[in-house]
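Participant: Pasting a structure here, questions to come.
Protein chains: 2
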Amino acid sequence: MNTMPNWLKQRAYLTPDRIALMTDDKTLTFRELHELSEQKAYVYQQMGIKKGQHAAILMKNSIEMASAIHALTYLGATAVLLNTRLTASELDWQLRDSEAKFLICDAALNQEWENPSWTTIDSIEHASTITGPVQYEYSFQLDQTATIMYTSGTTGKPKGVLQTYGNHYWSAAGSSLNLGHHHDDRWLCAVPLFHISGLSILMRGVIYGMTVILHESFHPSRANRAIMEKGATIVSVVQTMLSQMLESLGESTYPGTFRCMLLGGGPAPIPLLKECEMKKIPVYQTYGMTETSSQIVTLSPEYSLTKLGSAGKPLFPCEIKIMKNDLACPPFTEGEIHVQGPNVTKGYWKREAEIHNGWLQTGDMGYLDEEGFLYVLDRRSDLIVSGGENIYPAEIEAALLSHPSVIEAGVTGMPDAKWGQVPHAFIAVNNAVSEEELISYCSAMLAKYKIPKRIHFLSKLPRNASNKLVRRKLAEALGGTHD
Amino acid sequence: MNTMPNWLKQRAYLTPDRIALMTDDKTLTFRELHELSEQKAYVYQQMGIKKGQHAAILMKNSIEMASAIHALTYLGATAVLLNTRLTASELDWQLRDSEAKFLICDAALNQEWENPSWTTIDSIEHASTITGPVQYEYSFQLDQTATIMYTSGTTGKPKGVLQTYGNHYWSAAGSSLNLGHHHDDRWLCAVPLFHISGLSILMRGVIYGMTVILHESFHPSRANRAIMEKGATIVSVVQTMLSQMLESLGESTYPGTFRCMLLGGGPAPIPLLKECEMKKIPVYQTYGMTETSSQIVTLSPEYSLTKLGSAGKPLFPCEIKIMKNDLACPPFTEGEIHVQGPNVTKGYWKREAEIHNGWLQTGDMGYLDEEGFLYVLDRRSDLIVSGGENIYPAEIEAALLSHPSVIEAGVTGMPDAKWGQVPHAFIAVNNAVSEEELISYCSAMLAKYKIPKRIHFLSKLPRNASNKLVRRKLAEALGGTHD
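Going down the list, the sequences are from chains C and P. Its first residue numbered 6, the first sequence is counted upward by one per residue in our numbering. Its first residue numbered 6, the second sequence is counted upward by one per residue in our numbering.
Structure below.
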């Protein structure tokens with residue numbers, strides 16, 4: 006099995022009149038979404054996008070964005086999904102690294118690019134009718150790269166994660182075996198489509214033939230209205246979204262048709278889970294990453310109470326193990342989480358694969374209990390998760406170290422009531438420089454959510470015997486007093 | 006993606022305490038089914054069954070049979086599923102053709118084999134505890150042959166259809182995308198596990214983590230009780246079963262939790278569908294065959310009323326086309342049904358593949374309407390479907406022709422109120438021979454359901470210009486009077 010019919014095309018054939026997408030002001034059936042996507046594909050083809058090429062997308066959640074993604078599948082081109090919160094220099098780097106020949110871009114998000122190596126296409130440019138000759142790709146190779154998303158590693162520069170059609174299919178199928186699949190399901194997508202949490206909802210929509218309710222951005226009361234008035238049965242959230250939704254919900258409750266609050270982006274605090282339990286909100290905690298095309302471990306309903314705090318067990322076709330010194334750990338022993346499955350990436354764009362014998366070393370720490378439930382202790386030793394965005398300290402440290410006065414820099418996440426975590430920087434300097442100056446300096450290089458909320462000045466940073474920075478000891482350096 | 010964890014093993018890990026199998030007197034969780042299957046695998050290994058070998062199973066629906074099938078997966082052996090209604094000589098032929106090294110057999114079904122080339126293992130032989138060393142296969146190669154089922158073609162002798170793990174997985178996944186998948190689903194299996202209709206339920210059970218209610222054989226009132234008292238939400242039936250269930254149901258109705266009557270084995274008569282509509286029984290008509298590992302086309306719920314009589318549209322990952330003279334037919338033009346998809350067999354055991362560019366030529370006739378709904382007109386020009394069993398005229402004709410007095414023989418299906426169709430034979434003889442004598446002669450060679458219900462004597466049989474038997478004209482030879 007290597008090919009499959011294009012999912013949207015197949016849906017336009019199988020279930021043309023079902024609703025594919027709902028936004029606040031528009032509703033599209035699968036047939037309409039297919040037609041819109043073909044029109045876009047026509048424009049893109051006229052502008053030169055060819056099979057096998059990379060085309061980047063820099064857009065906000067919208068029907069235009071969803072159809073742009075589908076349009077690229079009709080051309081056999083790979084979509085490079087760019088985070089709209091990045092700075093021009095971060096975007097420039099990803100555009101060049103990905104070798105994107107085109108950039109499909111919302112006008113409001115466009116930048117003054119310097120010598121771009123790509124052609125920019127306005128996201129709302131579209132053909133009213135198709136006139137010339139067209140040639141569309143109506144089937145997928147399952148090992149063909151559908152999408153690329155950038156994620157940072159421990160080394161600083163982001164890497165393009167290759168996500169194949171097979172990865173997306175198996176992710177959707179694995180999720181449905183776990184969460185079930187009802188004919189009246191509507192999945193609310195208030196997370197960005199440029200993240201795997203959002204894109205995977207779009208994919209499930211066409212694979213399941215399910216309605217996706219698409220919000221341009223997250224607002225707690227609108228998300229609640231989608232559940233209470235628009236029939237959303239499943240919602241993907243991260244902790245900060247869920248907290249805000251509960252606050253906005255007040256004394257109200259969700260209707261009985263609401264069946265799944267899929268909570269990703271790191272372990273959830275017990276009080277939040279208890280509150281949901283009290284309000285009869287079915288929370289499915291999940292653990293996943295860009296490299297696993299969304300969920301890989303999810304806590305299934307029968308265990309949601311007895312295994313509070315666990316991320317659950319792998320999706321049906323997947324496997325996990327905990328490794329330490331090249332050996333699999335026994336239950337309750339902490340080690341690195343390794344995962345395997347058909348939704349796991351085949352590797353990174355232009356980088357050596359970090360997959361060994363099919364196993365991805367996540368860099369995250371955790372343990373299994375005696376029944377094989379996974380408990381995630383830390384996302385990579387250094388990863389900061391802030392309001393659902395992953396922040397990699399090395400990237401911020403590199404920005405700080407590029408300032409002439411900074412001789413040492415370390416970044417770590419500090420607890421934050423609203424965002425879960427926010428980045429704090431710890432630096433040593435050889436010349437006087439103010440916190441404000443450094444923050445302003447970072448702003449030119451880093452997306453807003455990555456800019457350190459505080460910068461702490463130390464005489465030297467904690468390092469281990471081999472002089473490697475020990476990030477988890479940074480906070481200790483503050484001593485008993487928070488400055 | 007080429008490997009997957011063994012499904013039952015994975016279920017014993019992921020959802021150990023869910024009920025896997027229910028019979029009238031026993032209930033097994035996935036953990037218990039796994040343990041029982043491992044015990045059987047241990048016995049089989051001790052008796053010599055090895056990875057890659059073929060082991061035939063001749064058993065009635067039972068927990069023993071289900072665990073025997075799973076046990077073979079733990080050994081990496083291929084199960085050859087034998088129809089318990091076949092005669093000793095038919096079985097002998099399939100056992101030899103399949104090169105089965107072992108026969109796992111219910112004592113009551115065992116035969117006096119002549120010089121068997123296989124070792125017979127009693128189906129209830131099992132180890133109380135595992136003592137010696139064991140080596141089980143805990144992962145599947147998706148292109149590995151899981152099971153072989155024999156089906157006849159137009160040429161007389163049956164052929165072994167190869168069903169891979171991938172075929173079974175994609176069949177189950179495709180079915181769930183179409184029928185949905187609820188946590189409280191229980192699928193009643195009152196069709197034989199040696200047919201794909203039954204085996205596919207067993208596979209869905211471990212892939213979905215769903216309870217299978219297993220009946221040794223079909224009884225209308227017991228099937229109704231499974232729905233009304235034991236929580237069956239889905240039932241697989243053929244027309245004759247459905248008719249009997251309705252009769253037994255009388256004025257009662259099914260509970261609202263019952264959500265799918267999956268009706269296979271040929272087009273259903275409109276009055277039956279109308280009666281179900283009146284009784285609010287959700288009938289999903291489906292079209293499939295051994296070569297497609299069960300369903301390939303199913304009528305989804307939103308069209309069950311407007312497209313009465315259609316078999317529906319393909320499962321999500323599948324495609325169909327209607328071919329005539331090597332060209333695809335436009336809507337409403339009759340031709341041969343060709344199918345493609347990951348659940349379609351890679352071919353037949355020891356026979357040349359009849360798959361061309363991934364497309365299986367089914368030999369069945371049909372047409373598509375303007376929206377792409379399939380209407381099946383005839384199962385292969387000559388196939389007789391009798392109470393869910395496929396009967397191939399060529400096989401019966403060959404038996405009749407082996408009698409010294411018979412010089413011509415043709416077999417066709419005649420309408421039957423109970424079975425849908427029954428086989429009638431039309432023969433020309435060179436010596437006087439009675440109908441009774443020929444029927445008794447056939448009994449030694451053919452399973453009971455294949456024995457002609459009537460034998461009609463003609464002076465010569467209808468043949469076309471190239472002297473080929475025209476089976477569909479046989480019934481006309483009877484003229485206005487049914488003899």
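Even glycine gets a Cβ: it sits at the ideal position worked out from N, Cα and C.
Taking DSSP as the reference, what is the three-state secondary structure of alanine 433/P?
Facilitator: Residue mapping note: residue 433/P aligns to position 428 of the second sequence, counting from 1. In the structure shown, alanine 433/P sits in a strand (DSSP, three-state: E or B).
Participant: Are three or more beta carbon pairs between the stretch 310-327 of chain C and the stretch 24-31 of chain P nearer than 8 Å?
Facilitator: Contact between the stretch 310-327 of chain C and the stretch 24-31 of chain P is absent, because fewer than three Cβ pairs lie under 8 Å.
Participant: Alpha carbon to alpha carbon, how far is serine 257/P from alanine 231/P? Give it in angstroms, no decimals.
Facilitator: As a first step, residue 231/P must be located in the second sequence, where it is residue number 226. As a first step, residue 257/P must be located in the second sequence, where it is residue number 252. Approximately 14 Å between the Cα atoms of the pair.
Participant: Which class does lysine 14/C belong to by DSSP, given the choice of helix, strand or coil?
Facilitator: Residue numbering aside, residue 14/C sits at position 9 when the first sequence is read from its first letter. Lysine 14/C: helix per DSSP, three-state reduction.
Participant: Based on Cα-Cα distance, which residue from Gly293/C, Cys281/C, Ala61/C, Asn229/C lies nearest to proline 121/C?
Facilitator: Residue 121/C sits at position 116 when you count from the first residue of the first sequence. Measuring from the Cα of proline 121/C, the nearest candidate turns out to be Ala61/C.
Participant: Assign histidine 220/P to one of two classes, buried (16 or more other C-beta atoms within 10 Å of its C-beta) or exposed (fewer than that).
Facilitator: To locate residue 220/P, count along the second sequence from 1; it is residue 215. So histidine 220/P ends up on the buried side.
Participant: Can you give me the C-alpha to C-alpha distance between leucine 479/C and arginine 468/C, rounded to a whole angstrom?
Facilitator: To locate residue 479/C, count along the first sequence from 1; it is residue 474. To locate residue 468/C, count along the first sequence from 1; it is residue 463. If I take the Cα positions, the gap works out to 10 Å.
Participant: Strictly below 7 Å CB to CB, what residues from chain P border alanine 178/C?
Facilitator: If you number the first sequence from 1, residue 178/C lands on position 173. The contacting residues are Ala178.
Participant: Taking the alpha helix (DSSP H) that aspartate 111/P belongs to, which residues open and close that run?
Facilitator: In the second sequence, residue 111/P corresponds to position 106, counting from 1. Here aspartate 111/P belongs to no alpha helix (DSSP H), and DSSP marks it neither H nor E.
Participant: With DSSP as the reference, label phenylalanine 337/P as helix, strand or coil.
Facilitator: Mapped onto the second sequence, residue 337/P falls at position 332. If DSSP states are grouped into helix, strand and coil, phenylalanine 337/P belongs with coil.
Participant: Report yes or no: is there a C-beta of chain C within less than 8 Å of the C-beta of asparagine 11/P?
Facilitator: On the second sequence, position 6 is the one that residue 11/P refers to. Chain C, which has no Cβ nearer than 8 Å to the Cβ of asparagine 11/P, makes this no.
Participant: Just to confirm the assignment: which complete beta strand (DSSP E) runs, minimum length 3, are found wholly within the stretch 180-215 of chain C?
Facilitator: Listed in chain order, they are 191-194.
Participant: Beta carbons nearer than 8 Å to chain P: which residues of the stretch 192-212 of chain C have them?
Facilitator: Within the stretch 192-212 of chain C, the qualifying residues are Ile212.
Participant: Indicate whether glutamine 366/P and glutamate 357/P have their beta-carbon atoms separated by less than 8 Å.
Facilitator: Residue 366/P sits at position 361 when you count from the first residue of the second sequence. Residue 357/P sits at position 352 when you count from the first residue of the second sequence. Taking 8 Å as the Cβ cut-off, glutamine 366/P and glutamate 357/P do not qualify as a contacting pair.
Participant: Taking the beta strand (DSSP E) that isoleucine 232/P belongs to, which residues open and close that run?
Facilitator: The count along the second sequence starts at 1 and reaches residue 232/P at position 227. Per DSSP, isoleucine 232/P belongs to no beta strand (DSSP E); it is in the alpha helix (DSSP H), 225-234.
Participant: Roughly how many angstroms lie between the CA atoms of phenylalanine 431/C and alanine 449/C, to the nearest whole one?
Facilitator: Start at 1 with the first residue of the first sequence, and residue 431/C comes out as number 426. Start at 1 with the first residue of the first sequence, and residue 449/C comes out as number 444. If I take the Cα positions, the gap works out to 19 Å.
Participant: Return yes when the Cβ of asparagine 229/C is within less than 8 Å of the Cβ of leucine 204/C, no when it is not.
Facilitator: Your numbering for residue 204/C matches position 199 in the first sequence. Your numbering for residue 229/C matches position 224 in the first sequence. Their beta carbons are not under 8 Å apart, which means leucine 204/C does not touch asparagine 229/C by this criterion.
Participant: Measure the Cβ-Cβ separation of histidine 173/P and serine 103/P and say whether it is below 8 Å.
Facilitator: Here residue 173/P corresponds to residue number 168 of the second sequence, with the count starting at 1. Here residue 103/P corresponds to residue number 98 of the second sequence, with the count starting at 1. No.
Participant: Give me the subset of the stretch 59-70 of chain C whose CB atoms are less than 7 Å from a CB atom of chain P, sorted by chain position.
Facilitator: Residues: none.
Participant: Spell out whether any CB of chain C is found under 8 Å from the CB atom of leucine 182/P.
Facilitator: What you label residue 182/P is simply residue 177 of the second sequence in a count that begins at 1. Yes, its Cβ sits closer than 8 Å to a Cβ of chain C.
Participant: How about isoleucine 286/P and tyrosine 292/P: are their beta carbons less than 8 Å apart?
Facilitator: In the second sequence, the residue the question calls residue 286/P occupies position 281. In the second sequence, the residue the question calls residue 292/P occupies position 287. Going by C-beta atoms, isoleucine 286/P is not nearer than 8 Å to tyrosine 292/P.
Participant: Taking buried to mean at least 16 other C-beta atoms within 10 Å of its own C-beta, is arginine 476/C buried or exposed?
Facilitator: The sequence position of residue 476/C within the first sequence is 471, counting from 1. The residue is buried, with at least 16 neighbouring Cβ atoms inside 10 Å.
Participant: Helix, strand or coil for aspartate 127/C per DSSP?
Facilitator: The residue labelled residue 127/C in the question sits at position 122 within the first sequence. Three-state result, aspartate 127/C: strand.
Participant: Do the stretch 451-462 of chain C and the stretch 418-438 of chain C touch if we need at least three Cβ pairs shorter than 8 Å?
Facilitator: The stretch 451-462 of chain C is in contact with the stretch 418-438 of chain C.
Participant: Excluding sequence positions up to five away, which residues of its chain have a Cβ less than 6 Å from the Cβ of threonine 486/C?
Facilitator: Indexing the first sequence from 1 puts residue 486/C at position 481. Any reading at threonine 486/C must be qualified, since the residue scores a pLDDT of 42, below 50, and its modelled position is unreliable; the value itself is stated next. The answer is none, since no qualifying residue turns up.
Participant: Helix, strand or coil: how does DSSP classify arginine 459/P here?
Facilitator: Your numbering for residue 459/P matches position 454 in the second sequence. Looking at arginine 459/P - three-state DSSP - the assignment turns out to be strand.
Participant: Is it the case that the CB of lysine 455/C approaches a heavy atom of the ligand ATP more closely than 7 Å?
Facilitator: Absence of the ligand ATP is noted for the structure shown, with no ligands found whatsoever.
Participant: What residue does the beta strand (DSSP E) around methionine 328/C start on, and which one ends it?
Facilitator: Here residue 328/C corresponds to residue number 323 of the first sequence, with the count starting at 1. First-last of the beta strand (DSSP E) with methionine 328/C: 324-329.
Participant: Below 8 Å on the Cβ atoms is my contact criterion, and I expect lysine 164/P with threonine 156/P to pass it. Report the Cβ-Cβ distance as a whole number of Å.
Facilitator: As a position in the second sequence, residue 164/P is number 159, starting the count at 1. As a position in the second sequence, residue 156/P is number 151, starting the count at 1. That belief holds up - the Cβ atoms of lysine 164/P and threonine 156/P are roughly 6 Å apart, short of 8 Å.
Participant: Can glycine 392/P and glycine 418/P be called in contact, C-beta distance under 8 Å?
Facilitator: Residue mapping note: residue 392/P aligns to position 387 of the second sequence, counting from 1. Residue mapping note: residue 418/P aligns to position 413 of the second sequence, counting from 1. No, Cβ-Cβ distance for glycine 392/P and glycine 418/P is not below 8 Å.
Participant: Rounded C-beta distance between tryptophan 192/P and glycine 210/P? I'm assuming under 8 Å.
Facilitator: Position 187 of the second sequence, counted from the start, is the residue given in the question as residue 192/P. Position 205 of the second sequence, counted from the start, is the residue given in the question as residue 210/P. Their Cβ separation, rounded to whole angstroms, is 7 Å, which keeps tryptophan 192/P and glycine 210/P in contact under 8 Å.
Participant: Just the Cα atoms here: how many angstroms apart are aspartate 488/C and alanine 482/C?
Facilitator: Here residue 488/C refers to the residue found at position 483 when the first sequence is read from its first residue. Here residue 482/C refers to the residue found at position 477 when the first sequence is read from its first residue. Any reading at aspartate 488/C needs caution, since the residue's pLDDT is 40, under 50, leaving its predicted position unreliable; the model's value is listed next. Distance between the alpha carbons of aspartate 488/C and alanine 482/C is about 11 Å.
Participant: Closest to leucine 77/P by C-alpha separation, out of Leu91/P, Leu87/P, Glu376/P, Tyr47/P, would be which residue?
Facilitator: Residue numbering aside, residue 77/P sits at position 72 when the second sequence is read from its first letter. Comparing Cα positions, the closest option is Tyr47/P.
Participant: Count the other CB atoms within 10 Å of the CB of alanine 112/C; is the residue buried (16 or more) or exposed (fewer)?
Facilitator: Residue mapping note: residue 112/C aligns to position 107 of the first sequence, counting from 1. It counts as exposed.
Participant: State buried or exposed for proline 420/P, treating a residue as buried only when at least 16 other CB atoms are found within 10 Å of its CB.
Facilitator: Residue mapping note: residue 420/P aligns to position 415 of the second sequence, counting from 1. Its Cβ having fewer than 16 others within 10 Å, proline 420/P is exposed.
Participant: Roughly how many angstroms lie between the CA atoms of glutamine 290/C and aspartate 190/C, to the nearest whole one?
Facilitator: In the first sequence, residue 290/C corresponds to position 285, counting from 1. In the first sequence, residue 190/C corresponds to position 185, counting from 1. Between glutamine 290/C and aspartate 190/C, the C-alpha separation is close to 19 Å.
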